[in-house]
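Chain order of the listed sequences is A and B.
Going left to right, the first sequence walks through residues 5 to 370 as this note's numbering numbers them.
Going left to right, the second sequence walks through residues 234 to 557 as this note's numbering numbers them.
Beta carbons are placed, not taken as given, at the ideal position from N, Cα and C, and that holds for glycine.
Have a look at the structure below, then the notes.
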Amino acid sequence: MLFISLIRNEFEKTWRSRWIVFAVMAGILVLIAGGLYTYYVISQHRWTPPPAVAWQTTLREEITANQSSIAQLEKFKQQQGSGSSGGPFGRGFGVDEQIARNQQSILDDQYLLDHDIAPLQSFPLTLTALFALGGIVMFLLIRIFGWLASEQIAGERSDRTIAILLSRPMSRDQLLLAKAVASFLISLVVVVVTFLILFAMVSFIEGSVGPVTGQVAIAIDGNKPVGASNLVVMSIPEFVLMCLGAAMLGVLCVQAMSLLISVVTGRWAAIGITLAVLFGAPLVSAIVSATITLISGNPNNAHFLNYLFVNVLAPVSAIAPVFGNGPASAGTGMNAFGVQIATLAAWTLGFFTAAWLLFHRKQEAG
Amino acid sequence: MAGIVEVDRLSKSFGRVRAVHEISFSVAEGEVFGFLGPNGAGKTTTIRILLGLLHADGGTAKIGGHDCWTDHAKAAQQFGATLEQPALYGFLSGRDNLRLFARLLGTVDESQITELLATVGMTERADDKVKRYSMGMRQRLALAQGMLGKPRLLILDEPTNGLDPNGIHGLRILLRKLANEQGLTIFFSSHLLSEVEELCDRVVVLHRGEVKAAGPLSELMNVKGFHYRIDVSDVDKATEIVKSIDGASVEPGTIKDSIIVSSESDLARRINHALVAAGIGVDQLVRTQRGLEDVYIELTGVAPGSPLSAPPPPPPASPTMVKK
Numbered sequence: 005m006l007f008i009s010l011i012r013n014e015f016e017k018t019w020r021s022r023w024i025v026f027a028v029m030a031g032i033l034v035l036i037a038g039g040l041y042t043y044y045v046i047s048q049h050r051w052t053p054p055p056a057v058a059w060q061t062t063l064r065e066e067i068t069a070n071q072s073s074i075a076q077l078e079k080f081k082q083q084q085g086s087g088s089s090g091g092p093f094g095r096g097f098g099v100d101e102q103i104a105r106n107q108q109s110i111l112d113d114q115y116l117l118d119h120d121i122a123p124l125q126s127f128p129l130t131l132t133a134l135f136a137l138g139g140i141v142m143f144l145l146i147r148i149f150g151w152l153a154s155e156q157i158a159g160e161r162s163d164r165t166i167a168i169l170l171s172r173p174m175s176r177d178q179l180l181l182a183k184a185v186a187s188f189l190i191s192l193v194v195v196v197v198t199f200l201i202l203f204a205m206v207s208f209i210e211g212s213v214g215p216v217t218g219q220v221a222i223a224i225d226g227n228k229p230v231g232a233s234n235l236v237v238m239s240i241p242e243f244v245l246m247c248l249g250a251a252m253l254g255v256l257c258v259q260a261m262s263l264l265i266s267v268v269t270g271r272w273a274a275i276g277i278t279l280a281v282l283f284g285a286p287l288v289s290a291i292v293s294a295t296i297t298l299i300s301g302n303p304n305n306a307h308f309l310n311y312l313f314v315n316v317l318a319p320v321s322a323i324a325p326v327f328g329n330g331p332a333s334a335g336t337g338m339n340a341f342g343v344q345i346a347t348l349a350a351w352t353l354g355f356f357t358a359a360w361l362l363f364h365r366k367q368e369a370g
Numbered sequence: 234m235a236g237i238v239e240v241d242r243l244s245k246s247f248g249r250v251r252a253v254h255e256i257s258f259s260v261a262e263g264e265v266f267g268f269l270g271p272n273g274a275g276k277t278t279t280i281r282i283l284l285g286l287l288h289a290d291g292g293t294a295k296i297g298g299h300d301c302w303t304d305h306a307k308a309a310q311q312f313g314a315t316l317e318q319p320a321l322y323g324f325l326s327g328r329d330n331l332r333l334f335a336r337l338l339g340t341v342d343e344s345q346i347t348e349l350l351a352t353v354g355m356t357e358r359a360d361d362k363v364k365r366y367s368m369g370m371r372q373r374l375a376l377a378q379g380m381l382g383k384p385r386l387l388i389l390d391e392p393t394n395g396l397d398p399n400g401i402h403g404l405r406i407l408l409r410k411l412a413n414e415q416g417l418t419i420f421f422s423s424h425l426l427s428e429v430e431e432l433c434d435r436v437v438v439l440h441r442g443e444v445k446a447a448g449p450l451s452e453l454m455n456v457k458g459f460h461y462r463i464d465v466s467d468v469d470k471a472t473e474i475v476k477s478i479d480g481a482s483v484e485p486g487t488i489k490d491s492i493i494v495s496s497e498s499d500l501a502r503r504i505n506h507a508l509v510a511a512g513i514g515v516d517q518l519v520r521t522q523r524g525l526e527d528v529y530i531e532l533t534g535v536a537p538g539s540p541l542s543a544p545p546p547p548p549p550a551s552p553t554m555v556k557k
């Protein structure tokens with residue numbers, strides 16, 4: 005009962021003090037939706053959604069496009085008289101490699117067609133899951149949630165209300181847990197609402213809401229050809245729930261880190277450190293990774309950086325890039341996704357444990 | 234019988250700074266207890282240990298028999314508290330602040346909230362946001378917050394900070410009423426002696442982290458000796474004459490053309506006679522009672538309200554009877 009009261013208090017405080025943040029987020033979504041619709045109307049000369057296209061048609065079109073691409077590349081190769089790697093596309097982007105990729109893509113698409121398995125981006129629901137629960141959307145949302153969570157204890161300390169909270173008949177564990185649960189539930193609501201709005205937008209763009217049941221497949225190893233031994237098949241709702249779970253694990257990880265920072269400092273320091281880590285650390289990590297790769301000439305030497313939590317915050321992006329080359333073979337696959345989830349879980353646990361240990365014995369000297 | 238607050242050899246340091254050192258005292262149920270000391274004496278540190286915000290380095294602090302750190306939840310059921318700076322949510326109204334804090338105690342009793350708002354005189358502004366409140370209004374709302382759930386003990390850390398004279402007077406009356414009518418135990422920390430003198434039954438004087446004196450206020454103030462303020466026509470000559478009287482010590486008075494004389498026995502007539510005999514005009518000889526302020530200065534060497542350890546100023550006269 006007390007725990008529910010604590011969570012209710014956190015909801016009230018967050019809403020009453022930070023409603024403007026949610027209003028701005030809603031405003032941005034409305035602006036994006038309005039802008040996209042305006043663009044659609046102007047470019048397509050129609051007010052209504054376009055006719056829906058079956059995923060099989062898309063795959064067949066893609067096979068045709070890939071075949072045509074291979075023919076052009078073969079022609080280009082003959083004209084150049086050389087098909088060696090390091091061709092006009094630069095290192096690692098030789099004509100032969102491109103032809104091989106296109107051929108693999110054709111085989112992958114054909115496999116899916118033959119076995120009636122839809123690629124990941126075939127349906128508005130799955131496409132929305134990839135877009136709304138990973139990539140740029142979660143990149144931004146996660147940082148806003150990190151900011152809000154960083155104020156949870158630090159804000160109380162700056163307002164001096166921490167002394168009243170801690171002097172009341174409840175344990176510090178209850179307070180910390182209530183703040184963590186409230187932060188998580190608020191972010192869950194925002195993520196679900198964002199998902200639903202984006203789903204509506206994607207459905208419009210795709211011309212239909214699409215099926216909500218049926219099956220999708222994900223490569224186990226995105227670097228290998230799709231086949232019976234390299235595919236995980238699951239239902240659409242399962243896939244969406246998996247993406248939601250992964251996205252929320254990323255959110256939870258950031259909230260745990262923010263709470264840890266919040267436990268030891270005041271409001272503005274907590275917000276500053278949290279945002280500096282969330283925005284600055286990926287940049288630093290990318291620079292370090294590039295430097296290591298450049299010096300050693302081997303990208304695998306920087307592989308350990310993939311275990312930094314800032315590099316695995318949006319694990320859904322690992323399953324398949326939203327705007328990838330080919331629906332079937334795109335993405336790094338379930339193995340990489342699993343590693344990201346495990347990495348995030350370990351960081352989350354570590355952050356929460358550290359926050360709990362520190363808060364448990366924190367001296368509030370005023 | 235054990236007191237509602239039991240502090241035994243409590244010590245706390247911050248790095249090399251010793252905030253409190255082996256202090257011991259207890260507060261009996263139903264009394265108004267004054268916790269006195271200059272700024273930096275260790276009052277707030279002690280209160281924070283009682284509230285469960287700080288962990289003592291040594292000794293114990295118990296409320297209602299429960300350790301304030303290891304058995305915090307049970308100890309916290311006994312008291313409500315206000316801090317030196319009122320701790321409230323500025324973005325909420327006064328009423329919503331009380332609702333929010335009431336939830337920490339389990340349930341929200343709207344009638345109690347309304348009653349408390351009336352008690353502290355905040356009914357009219359109850360629905361305004363706290364960020365628009367004056368300091369005095371915040372203090373009053375913080376007091377209402379401390380009284381939520383009808384605690385046995387009210388711990389108040391410098392509750393008159395920011396209150397105007399009317400507010401201070403009102404608070405005194407309110408606290409006395411709570412103590413008399415509801416039997417509430419009040420732990421009242423302050424460096425303002427007038428508040429403590431008028432309100433408290435018993436005091437502890439803390440200085441540099443140590444208890445310098447403890448006991449009923451009447452005992453503390455009713456120390457041996459007599460004190461007189463004498464308005465004379467010639468201060469220098471009068472000082473010399475009084476000095477020559479056995480058992481009398483003299484110092485310049487704070488009022489122009491006056492001296493302050495202290496002695497262990499009643500020397501009023503002898504002093505008066507000696508001065509008149511020497512041809513010094515005595516306009517007035519007033520027997521003064523030793524005030525809490527004198528005790529405080531004597532114990533701490535610090536003028537009340539001052540953080541400085543300056544030499545104590547002469548005690549002011551608070552006339553209780555006028556001779557001559």
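Non-local C-beta neighbours of W51 of chain A in its own chain, meaning closer than 7 Å and more than five positions away in sequence, comprise V45, ordered along the chain.
Straight-line measurement puts the Cα of R503 of chain B at about 55 Å from the Cα of L284 of chain B. Per DSSP, the beta bridge partners of T315 of chain B are B:L389. Taking the beta carbon of T165 of chain A as reference, the chain B residues within 8 Å of it are A320, L321 and Y322, listed in sequence order.
In this structure, the beta-carbon distance from Y311 of chain A to T336 of chain A does not fall below 8 Å. DSSP places D241 of chain B within a strand segment (E or B) once states are collapsed to three. Boundaries of the beta strand (DSSP E) harbouring T418 of chain B: T418 to S423, taken from the DSSP string.
For Y322 of chain B, there is no enclosing alpha helix (DSSP H), as DSSP gives it neither H nor E. For K445 of chain B, the enclosing beta strand (DSSP E) starts and ends at E443 to P449. Between G214 of chain A and chain B, the shortest Cβ-Cβ separation is not below 8 Å. Counting along the chain, Q259 of chain A sits inside the alpha helix (DSSP H) bounded by residues I240 to V268. According to DSSP, D464 of chain B shares a beta bridge with B:S491 and B:Q517.
DSSP links G267 of chain B through a beta bridge to B:F421 and B:V436.
By the CB criterion at 8 Å, F420 of chain B and L432 of chain B fall outside the cutoff.
Judged by their CB atoms, V238 of chain B and V260 of chain B are nearer to each other than the 8 Å cut-off.
A distance below 6 Å between beta-carbons, with the five flanking residues on each side excluded, links A308 of chain B to the following residues of its chain, in chain order: I296, H299 and C301. Taking L404 of chain B as reference, the option from B:L386, B:T418, B:I513 and B:L376 with the minimal CA-CA separation is B:L376. In the three-state reduction of the DSSP assignment, T293 of chain B falls in the strand class, which pools E and B. Distance from the CA of M174 of chain A to the CA of H305 of chain B, rounded to the nearest whole angstrom, comes to 8 Å.
Relative to G236 of chain B, the option among B:G248, B:T418, B:S496 and B:D290 whose CA is nearest is B:T418.
For P485 of chain B, DSSP records a beta bridge to B:I492. The alpha-carbon separation between H424 of chain B and T521 of chain B amounts to approximately 23 Å. In this chain, the alpha helix (DSSP H) harbouring Q76 of chain A covers W59 to Q84.
Assigned with DSSP and collapsed to three states, E160 of chain A falls in helix. Here H299 of chain B carries a strand assignment [DSSP, helix/strand/coil]. Proximity to P286 of chain A across A:S109, A:V25, A:E66 and A:F313 peaks at A:F313, based on C-alpha coordinates. Collapsing the DSSP output to three states places E357 of chain B in coil. Ranked by Cα distance from L362 of chain A, the first of A:S266, A:V141, A:N304 and A:E78 is A:S266. Across the structure, V475 of chain B and M454 of chain B are spaced so that their CA atoms are roughly 25 Å apart. Contact check for A251 of chain A against G342 of chain A fails: the beta carbons are separated by 8 Å or more. Contact check for L450 of chain B and R435 of chain B: beta-carbon distance about 6 Å, within the 8 Å limit, so the pair qualifies. When 9 Å is used as the limit between beta carbons, K17 of chain A is near these residues of chain B: Y322, F324, L325 and L333, in chain order.
The Cβ of Q378 of chain B sits closer than 8 Å to at least one Cβ of chain A.
CA-CA distance, L134 of chain A to L279 of chain A, rounds to 25 Å.
DSSP, reduced to helix, strand and coil, places R281 of chain B within a helical segment of the structure shown. For H288 of chain B, the C-beta contacts it makes with chain A under 9 Å involve R365 and Q367, in order along the chain.
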